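Start counting the sequence shown at 67; every next residue gets the next number (the numbering used here). The beta-carbon is built from N, C-alpha and C at its ideal position, and this holds for glycine as well. As the structure is a computational prediction, the values presented were derived from the model and not from experiment. Just below is one structure, and these are the notes that go with it.
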Amino acid sequence: MSTPAPALGKRPPAQRGPFAWVGAFTGFYPAQAEEFGHLDPVTRLLYAARSVILVISAQSAIMAGLLAATDRRFEVLPFVLVFVGYVVLHAISNLSNDYFGYRRGHDTDDSPRRRYTLHPIASGAVTPRLLGGGLVVLSLMTVAIAAYFVALRGWPAVWLAVVGGVLLYAYDAAPRALKELGLGEVAAFVVWGPLMIAGGYYVITGHWSGAAWAASVPPGLGVMSILVGKHIDQRGFDTAHHQRTLPVLLGERTSRALNQAAVAGMYVASLIAVLAGALTPFVAVVLVAAPRALKALRVMGRPTPAEPPARYVGWPLWYHRVCLVHNRAFGWLYIVGLALGAVFPHATL
């Protein structure tokens with residue numbers, strides 16, 4: 067049974083202030099663009115930047131900071147700038163994706179992107195000029211943060227910034243974007259895994275860490291699972307519009323199997339890291355998320371239903387949502403395990 071629509075001429079009560087902002091980070095996307103009319107400007111901007119997804123970048127920063135704390139090399143200011151930089155860069159990526167997707171004619175009325183949540187330009191919430199200007203301001207913020215780390219850490223920070231910038235540009239802004247070549251999903255693993263966590267550890271501490279590299283694999287696989295799930299959901303549309311994402315190249319059945327392997331791999335990689343001594347046994351707390359992982363595996367084992375269940379939010383995203391819900395729980399539990407490891411760094415099996 068679906069929720070009844072508001073009576074004609076009546077608007078839902080305005081959602082404003084910090085509680086609405088927190089809701090933008092913790093809830094899923096509103097189902098229709100019309101639902102944004104009663105939100106305050108900050109909340110509207112957060113949803114436009116797909117704030118529920120920005121949490122995974124915040125998690126990567128926290129993971130890098132906790133690994134630094136475990137080795138007693140934590141520095142406050144570098145960590146704060148890593149945290150801010152990661153969230154801003156992710157917002158840039160999301161807004162850039164919409165900006166170039168709209169300009170290139172990919173985000174049409176019938177596209178999945180226009181159906182599951184607000185498209186900031188197509189909905190009229192912002193103009194292309196305003197969005198472009200916002201991207202410039204956010205980019206200047208990240209350049210300033212990168213300059214600080216280059217001055218602090220030298221050439222390694224230069225290369226980390228260059229790789230991050232190239233991947234950000236190449237994912238959706240380049241004339242032949244990575245997501246059109248079946249490489250966007252791999253890039254997501256690299257960025258939210260080794261680059262953000264192991265690279266973040268370096269710029270926070272000034273040292274490289276094999277343990278940080280090992281610790282970066284499970285979260286990287288989690289983010290990759292979200293993107294693969296999304297591109298499976300969009301496969302029909304992408305195929306018709308010549309968008310050669312990895313699921314388009316592999317086919318739906320193989321892509322679902324790949325995503326099942328990615329979700330299971332998060333737990334296998336965590337166990338290997340513990341056995342290798344890169345992580346403490348406290349990371350086993352991620353097993354609390356196992357029921358959500360099993361649900362994700364079951365959902366991906368079956369084709370997408372013809373119609374969404376009653377009260378389902380986010381359709382036509384199906385595999386994307388179940389992977390997102392699992393990854394969010396896994397990420398916070400992984401952080402709890404790393405935090406306990408930072409307090410008791412010598413704990414072993």
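Beta-carbon proximity list for residue i, same chain, < 7 Å, skipping 5 on both sides
| i | result |
| --- | --- |
| G331 | L287 |
| A210 | none |
| L54 | Nothing about residue 54 can be reported from this structure: the residues present for the chain run from 67 to 415 only. |
| N163 | D238 |
| V391 | R358 |
| P260 | W279, S282 and G286 |
Cβ-based neighbour list, residue i, same chain, cut-off 8 Å, excluding 5 preceding and 5 following
| i | result |
| --- | --- |
| I425 | Because the chain is modelled from 67 through 415, residue 425 falls outside the range shown and cannot be assessed. |
| V201 | Just to set this straight, residue 201 is Leu in the shown sequence, not Val. If we look at L201 and ignore the five residues flanking it on each side, its Cβ neighbours are I158, L161, S162 and Y165. |
| L147 | I211, Y214 and F215 |
Buried or exposed (CB count within 10 angstroms, at least 16 for buried), residue i
| i | result |
| --- | --- |
| A99 | A caution first: A99 carries a pLDDT of 46, below 50, which makes its placement in the model too unreliable to give a value. |
| A217 | exposed |
| A223 | buried |
| V409 | exposed |
| H297 | buried |
| V142 | exposed |
| F255 | buried |
| V153 | buried |
| L206 | exposed |
| G343 | exposed |
| F85 | exposed |
| G317 | exposed |
| V88 | exposed |
Element boundaries [alpha helix (DSSP H), containing residue i]
| i | result |
| --- | --- |
| Q309 | Premise fails: Q309 is in no alpha helix (DSSP H) and is neither H nor E. |
| M129 | S117 to T136 |
| W384 | No alpha helix (DSSP H) holds W384; DSSP gives it neither H nor E. |
| E318 | E318 to L341 |
| P285 | G276 to D299 |
| I187 | Run containing I187: none; DSSP gives neither H nor E here. |
| V232 | W221 to D238 |
| M366 | A356 to M366 |
| Y268 | G265 to T271 |
Cβ-Cβ distance between residue i and residue j below 7 Å
| i | j | result |
| --- | --- | --- |
| I122 | V257 | no |
| C389 | A359 | no |
| P347 | V354 | no |
| G272 | R219 | yes |
| Q326 | E246 | no |
| A328 | S282 | no |
| A264 | A277 | no |
| A240 | P284 | no |
| L132 | A405 | yes |
| G295 | H156 | no |
Contacting residues, own chain, Cβ-Cβ under 6 Å from residue i (five flanking each side not counted)
| i | result |
| --- | --- |
| G151 | T208 and I211 |
| V351 | L399, V402 and G403 |
| W274 | Y268 |
| A227 | A212 |
| F215 | A223 and V269 |
| L417 | The structure shown does not extend to residue 417, since the chain is modelled only from 67 to 415, so the question has no answer here. |
| P313 | H297, I298, R301 and S321 |
Beta bridge counterpart(s) of residue i as assigned by DSSP
| i | result |
| --- | --- |
| L247 | R310 |
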